[in-house]
Amino acid sequence: MTWNLSGTYLESCNCDSVCPCTTSGMTAPADHERCQVTLAFHVDRGEVDGVDVSDRSVVVFADTPRVMAEGGWQVALYVDGSADDSQADALGKVFSGQVGGPMAALVPLIGEVLGVERVPIEFRNDGRRHTVEVADAIDIAIEDQVAPQFGEDGPVMGLTGMFHPANSTLTIARSTRAVGKGVHGRSWDFTGRNGHAAPFSWAT
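Each residue of the sequence shown is one higher than the one before, starting from 148 at the first, in the working numbering.
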């Protein structure tokens, strides 16, 4: 199966600032007892084995041990409710790692799949601001950070050389809203904590 996807990514987690998991290739402990992270992808353009999946979104929620590399992740997958059956199936295969690509590298770390759901997903980008809403379960807004000395129009701070499925370069961001309600028994408010954003481009 051949496929290609490109679009925009955002991430929000419960770490206090720049995530130790990200900057250590998942080998350093997170700031709290467990890492709870939402990975959201909007596909601007994409095709999976002949199926056009452009303008569709996918969100992955993971609840992991403090050191992510230890495995035993509990993961939920949300696929855009506007996708038809063939699109949902194609996206599910890519984002579950069934057909290779960056997400396949995470599969050995997964201990339990909490669920796979098709739900309304709203993903928006507005310059340095990025938001995603997953039905009534997850509501996240992050803002890419700029050093205050440079003013609002200054360069966005970033991380390079990262071992990360979305991109080896990520913005440093902070959530202005990061709320989960009843996500497989989990609710949270991580507002003010760590975030990242990046373009992504995958192909096999």
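Built from N, CA and C at the ideal position, the CB exists for glycine as well.
A quick note: this is a predicted structure, and the numbers were derived from the prediction, not measured.
- Task: Have a look at Ile285 and Lys328 and give me their C-alpha separation to the nearest angstrom.
- Result: For the purposes of this step, residue 285 is taken as the residue at position 138 of the sequence shown. For the purposes of this step, residue 328 is taken as the residue at position 181 of the sequence shown. If you draw a straight line from the Cα of Ile285 to the Cα of Lys328, it is about 6 angstroms long.
- Task: Would you check if there are 3 or more beta carbon pairs closer than 8 angstroms linking the region 203–223 to the region 181–189?
- Result: Three or more Cβ pairs drawn from the region 203–223 and the region 181–189 lie within less than 8 angstroms of each other, which places the two stretches in contact.
- Reduced DSSP secondary structure (H/G/I, E/B, other) of Thr149: By 1-based counting over the sequence shown, the position of residue 149 is 2. DSSP places Thr149 outside both helix and strand once states are collapsed to three, so it counts as coil.
- Message: Would Gly308 and Arg265 qualify as a contact pair, given that the criterion is a beta-carbon distance under 9 angstroms?
- Response: For the purposes of this step, residue 308 is taken as the residue at position 161 of the sequence shown. For the purposes of this step, residue 265 is taken as the residue at position 118 of the sequence shown. In this structure, Arg265 does not lie closer than 9 angstroms to Gly308 by Cβ.
- Message: Pop quiz: Gln292 and Val303 are said to be a contact at Cβ under 8 angstroms. What is the actual Cβ separation, rounded to whole angstroms?
- Response: As a working note, residue 292 is residue 145 in the sequence shown. As a working note, residue 303 is residue 156 in the sequence shown. Under the criterion of beta carbons closer than 8 angstroms, Gln292 and Val303 qualify as touching, at roughly 7 angstroms.
- Task: Tell me, to the nearest whole angstrom, how far the beta carbon of Ser204 is from that of Phe310; I am working on the premise that it is less than 8 angstroms.
- Result: Counting from 1 along the sequence shown, the entry for residue 204 is found at position 57. Counting from 1 along the sequence shown, the entry for residue 310 is found at position 163. The Cβ separation is near 24 angstroms, so there is no contact.
- Item | Limits of the alpha helix (DSSP H) - the one that Gly298 falls within | Here residue 298 refers to the residue found at position 151 when the sequence shown is read from its first residue. No alpha helix (DSSP H) contains Gly298, which DSSP labels as neither H nor E.
- Message: Give the list of continuous alpha helix (DSSP H) stretches no shorter than 4 residues that lie fully inside the region 222–254.
- Response: Every alpha helix (DSSP H) stretch that sits fully inside the region 222–254 and reaches 4 residues is listed by chain position as 232–242.
- Query: Going by beta carbon distance, what residues of the same chain come within less than 6 angstroms of Thr323, once the five residues before and after it are set aside?
  - Reply: Along the sequence shown, one-based indexing puts residue 323 at 176. Its chain contains Ala288, Glu290 as the residues whose beta carbon lies nearer than 6 angstroms to that of Thr323, once the 5 sequence neighbours on both sides are disregarded; these appear in chain order.
- Query: Hey, Leu157 and Val241 are a contact pair by Cβ (cut 8 angstroms); roughly how many whole angstroms apart?
  - Reply: Looking up residue 157 in the sequence shown gives position 10. Looking up residue 241 in the sequence shown gives position 94. So it is not a contact: roughly 18 angstroms between Cβ atoms.
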